[in-house]
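Colleague: One structure follows; several queries about it will come next.
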Amino acid sequence: MGGDDPRHASADDGAGGERSLAVGGDLTGIASTGDGAMNVQIRADQASFIPPEAFVRMADLPPPPRLTNLPSRVGLFVGRTQVLARLDEALAGPGGAVVQAVHGLGGIGKSTLAAHWAVTRGATRYCPVWWITADSAAGIDAGLAKLATALQPALSNVLPLDALKEQALQWLASHDGWLIVLDNVDNPADVQPLLARAPHGRFLITSRRATGWHRLATPVALDVLDHPEAVELLTGILTHGGERDLTGAGELCTELGGLPLAIEQAGGYMTQAGISPREYLELLAGHPGVMYRDRAEGIDPARTIARVWHMTLDRLADDPLPGRILRILAWYAPDDIPRALIGHLVSGPELISAVGRLAAHSMITVKGDTLAVHRLVGAVARTPDPDDPHRRPEDIAEAREQAATALTRALPDRKEFGLWPVWRMLLPHVDAVIHEAEPQPGSALHLLMKEALLLRITLDAVAGKIEDRQRALSESVRDLGEDNPDTLAARDALAYGYEYVGEWDHSIPLHERNLQARLRLLGPDHPDTVRSRRDLTDARRWPQTYASLPRSTKQLLDIHHKIPGTTDDEQ
Numbered sequence: 001m002g003g004d005d006p007r008h009a010s011a012d013d014g015a016g017g018e019r020s021l022a023v024g025g026d027l028t029g030i031a032s033t034g035d036g037a038m039n040v041q042i043r044a045d046q047a048s049f050i051p052p053e054a055f056v057r058m059a060d061l062p063p064p065p066r067l068t069n070l071p072s073r074v075g076l077f078v079g080r081t082q083v084l085a086r087l088d089e090a091l092a093g094p095g096g097a098v099v100q101a102v103h104g105l106g107g108i109g110k111s112t113l114a115a116h117w118a119v120t121r122g123a124t125r126y127c128p129v130w131w132i133t134a135d136s137a138a139g140i141d142a143g144l145a146k147l148a149t150a151l152q153p154a155l156s157n158v159l160p161l162d163a164l165k166e167q168a169l170q171w172l173a174s175h176d177g178w179l180i181v182l183d184n185v186d187n188p189a190d191v192q193p194l195l196a197r198a199p200h201g202r203f204l205i206t207s208r209r210a211t212g213w214h215r216l217a218t219p220v221a222l223d224v225l226d227h228p229e230a231v232e233l234l235t236g237i238l239t240h241g242g243e244r245d246l247t248g249a250g251e252l253c254t255e256l257g258g259l260p261l262a263i264e265q266a267g268g269y270m271t272q273a274g275i276s277p278r279e280y281l282e283l284l285a286g287h288p289g290v291m292y293r294d295r296a297e298g299i300d301p302a303r304t305i306a307r308v309w310h311m312t313l314d315r316l317a318d319d320p321l322p323g324r325i326l327r328i329l330a331w332y333a334p335d336d337i338p339r340a341l342i343g344h345l346v347s348g349p350e351l352i353s354a355v356g357r358l359a360a361h362s363m364i365t366v367k368g369d370t371l372a373v374h375r376l377v378g379a380v381a382r383t384p385d386p387d388d389p390h391r392r393p394e395d396i397a398e399a400r401e402q403a404a405t406a407l408t409r410a411l412p413d414r415k416e417f418g419l420w421p422v423w424r425m426l427l428p429h430v431d432a433v434i435h436e437a438e439p440q441p442g443s444a445l446h447l448l449m450k451e452a453l454l455l456r457i458t459l460d461a462v463a464g465k466i467e468d469r470q471r472a473l474s475e476s477v478r479d480l481g482e483d484n485p486d487t488l489a490a491r492d493a494l495a496y497g498y499e500y501v502g503e504w505d506h507s508i509p510l511h512e513r514n515l516q517a518r519l520r521l522l523g524p525d526h527p528d529t530v531r532s533r534r535d536l537t538d539a540r541r542w543p544q545t546y547a548s549l550p551r552s553t554k555q556l557l558d559i560h561h562k563i564p565g566t567t568d569d570e571q
């Protein structure tokens, strides 16, 4: 900072000797003696001495041994074998910068996984190992500034934050063998400048964002715990420090959907309250809003499932549509929700964008033409809370009516052959929407409940018929032969059964076989032959019947299976 920089003063500025220093006028910055033995930082209200080691070039500065700011312990950790092995292989491999972005639903254990890997693997391989809370660009800058002062403590309280950040970037750019953990990245663009400046090290990123990594990092999706792992985590929490009543532990883990944060929240609550998993389940059923919000003493109130997802929805609040969609989806069964059930809300591009944003923040999962919502996300999203703008009671009630309306419109005529695949697909969602409902007469929910009752009666009437008819045909062929009239009648019955449940690709070959047999045995004009020809014609005409169906019904059928005899364009 010498030369004409008015912020810097030296012995040549009028000092009386080689190591003298004199400063006059309004001056801020760093003043040095002629031989550099003394450096003084001058501010408007104070002056402080800066040791010479503060001016060592970052490129020449080795890291202090075992430099890390990782947590000393990461707590109880179970499972994740495959993801840990993947990180082992990727982050230990050769080459330039390696960037892995672990993403998933809030509360699924991304930070715990990253901390466990960094403590158990990273700390022995890399130096420094530095953890940065990266939920904003400012947070990343602050974390880099702390790294700079850890690398060169003499810079502490000397340089402003921007200068410290630059010092850290220079050090990372000129060294390798380090690991940076960027935790809870909200916007991938926030980390792009850092990744561009540091081409030789290793980055481990955690984020709720499932998208936006294609040019920056290798994404690693993190799912819920397997059931045995979830039970292991819960029992580990409950038995820490002594024996406990574990009755209902498996059922509770199922109810919590294997979500680590929910298991930890429940485990902490049970330990503090001295209750069993069975008792916690009863509280959860009777008081879901309270149980999703409450936590044990000493636990960060932001680290409950209700608060975690509240913060995610806050980030989407610039558009009310994603929250509205989530509240509707929350009333359906968790898996295999047809997109067609929300297709009536808005036009195509707006709907696609809203669904995409929910998926990008890991609140839902998109699987082709169907959607999925983690069962606990759905449970929270449909639990009213007057203090939560995302779960106002009136909005949740309206969402249930909209869910019922969409299902009622999508259900086909129960007497229509070939549409049983739609009924089978929709029935779990019908059951979920009407569960413990007390609707007003004439409401969409009331109409759906009546339709569901009739559907259930019809389902019970046809249950097992296909299997019974398959068995009857096999026995007739064995005992009477292929061409016996009773065998032909049994084959007709099986073909009709397949048609009733929409399995046209199974019914058509049976009709073809019977028609050929009757032509050979009875001739073309026999009434049974005429009937066989008509049956085959009707079965082959199904694609034309399909073409005349309402669009929403066709979409549901397309999800279930490809219609025999149609091209992709016709579908």
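Okay, so the sequence shown: first residue is 1 according to the UniProt record's numbering, each after it adds one.
No residue lacks a Cβ here, since even glycine has one placed at the ideal position from N, Cα and C.
Examine the Cβ distances between the stretch 199-212 and the stretch 84-104 and report whether three or more of them are shorter than 8 Å.
Modeller: As far as the Cβ criterion goes, the stretch 199-212 touches the stretch 84-104, which means the pair count is three or higher.
Colleague: Under 8 Å: do the stretch 116-133 and the stretch 224-238 share three or more Cβ pairs, one atom per stretch?
Modeller: Verdict: no, contact absent.
Colleague: Would you call the stretch 74-83 and the stretch 133-144 in contact, with 3 or more CB pairs under 8 Å?
Modeller: Counting Cβ pairs under 8 Å, fewer than three are found: no touch.
Colleague: Suppose contacts are defined by Cβ-Cβ distances below 8 Å. Is P334 in contact with G378 by that definition?
Modeller: Your numbering for residue 334 matches position 334 in the sequence shown. Your numbering for residue 378 matches position 378 in the sequence shown. Yes, the pair counts as a contact, with Cβ atoms nearer than the cut-off.
Colleague: Tell me the start and end of each unbroken alpha helix (DSSP H) in the stretch 274-323 that is at least 4 residues and wholly inside, in chain order.
Modeller: DSSP runs (the alpha helix (DSSP H)) wholly in the stretch 274-323: 277-286, 288-293 and 305-315.
Colleague: Report the CB separation of L172 from F203 in whole angstroms; it is logged as a contact under 8 Å.
Modeller: Taking the sequence shown and counting its residues from 1, one reaches residue 172 at position 172. Taking the sequence shown and counting its residues from 1, one reaches residue 203 at position 203. Not really, about 10 Å apart at Cβ, beyond 8 Å.
Colleague: Please state the DSSP three-state secondary structure of T133.
Modeller: Sequence index remark: in the sequence shown, residue 133 carries index 133 (1-based). The answer is strand: DSSP assigns T133 an E or B state.
Colleague: What are the complete alpha helix (DSSP H) segments, minimum 4 residues, inside the stretch 335-420?
Modeller: Runs found: 348-360, 375-381 and 393-410.
Colleague: For L61, does the three-state DSSP call read helix, strand or coil?
Modeller: As a working note, residue 61 is residue 61 in the sequence shown. L61: coil per DSSP, three-state reduction.
Colleague: By how many angstroms is the C-alpha of L447 removed from the C-alpha of L453?
Modeller: Here residue 453 refers to the residue found at position 453 when the sequence shown is read from its first residue. Here residue 447 refers to the residue found at position 447 when the sequence shown is read from its first residue. Going from the Cα of L453 to the Cα of L447 covers about 10 Å.
Colleague: Just list the alpha helix (DSSP H) runs in the stretch 181-220, keeping only unbroken ones of 4 residues or longer that don't cross its boundaries, in chain order.
Modeller: The qualifying runs are 188-197.
Colleague: Work out the CA separation of H344 and K450 for me, nearest whole Å.
Modeller: What you label residue 450 is simply residue 450 of the sequence shown in a count that begins at 1. What you label residue 344 is simply residue 344 of the sequence shown in a count that begins at 1. Rounded to whole angstroms, K450 to H344 spans 22 Å at the Cα level.
Colleague: Which residues in the same chain have their Cβ closer than 6 Å to the Cβ of M58, if we skip the five residues on either side of it in sequence?
Modeller: Here residue 58 is taken as the residue at index 58 of the sequence shown, counted from 1. Answer for M58: Q167, Q170 and W171, listed in chain order.
Colleague: By Cβ distance below 8 Å, which residues in the same chain neighbour R491 in space, the five residues on each side in sequence not counted?
Modeller: Residue 491 sits at position 491 when you count from the first residue of the sequence shown. Excluding sequence neighbours, R491 sits near L473, L510, R513 and N514.
Colleague: Using C-beta distances below 7 Å, list every residue in its chain close to L494, excluding the 5 sequence neighbours before and after it, in chain order.
Modeller: Translated into the one-based positions of the sequence shown, residue 494 becomes position 494. These residues qualify, in order along the chain: R469, Q470, L473 and L510.
Colleague: Could you compute how far the alpha carbon of L316 sits from the alpha carbon of K465?
Modeller: Numbered from its first residue, the sequence shown carries residue 316 at position 316. Numbered from its first residue, the sequence shown carries residue 465 at position 465. Distance between the alpha carbons of L316 and K465 is about 49 Å.
Colleague: Do you know whose CA, among A360, R125 and P228, lies nearest V185's CA?
Modeller: Within the sequence shown, residue 185 is the residue found at index 185, counting from 1. Of A360, R125 and P228, the residue nearest in Cα terms is A360.
Colleague: Expressed to the nearest angstrom, what Euclidean distance is found between the alpha-carbon atoms of E229 and V78?
Modeller: Walking along the sequence shown from the start, residue 229 turns up at place 229. Walking along the sequence shown from the start, residue 78 turns up at place 78. The alpha-carbon atoms of E229 and V78 are separated by roughly 6 Å.
Colleague: Using CA atoms only, rank isn't needed, just tell me which of L351, R307, E255 and A403 is closest to D387.
Modeller: Here residue 387 corresponds to residue number 387 of the sequence shown, with the count starting at 1. Selected option, being the one with the closest Cα: R307.
Colleague: Which value, in whole angstroms, describes the spacing of the CA atoms of T247 and Q272?
Modeller: Position 247 of the sequence shown, counted from the start, is the residue given in the question as residue 247. Position 272 of the sequence shown, counted from the start, is the residue given in the question as residue 272. Cα to Cα, T247 sits roughly 17 Å from Q272.
Colleague: What residue ranges within the stretch 89-154 form continuous alpha helix (DSSP H) runs of no fewer than 4 residues, ordered along the chain?
Modeller: Whole alpha helix (DSSP H) segments, 4+ residues: 110-117 and 137-151.
Colleague: Who are the near neighbours of L281 in its chain, counting only those whose CB is closer than 7 Å to its CB and skipping five residues on each side?
Modeller: As a first step, residue 281 is located in the sequence shown; it is residue number 281 there, counting from the start. Correct list, in chain order: G248, E251, L252 and E255.
Colleague: Quick check on T235: does DSSP put it in helix, strand or coil?
Modeller: On the sequence shown, position 235 is the one that residue 235 refers to. T235: helix per DSSP, three-state reduction.
Colleague: Which of the three DSSP states, helix, strand or coil, is assigned to T247?
Modeller: The residue labelled residue 247 in the question sits at position 247 within the sequence shown. In this structure, T247 counts as coil in the three-state DSSP scheme.
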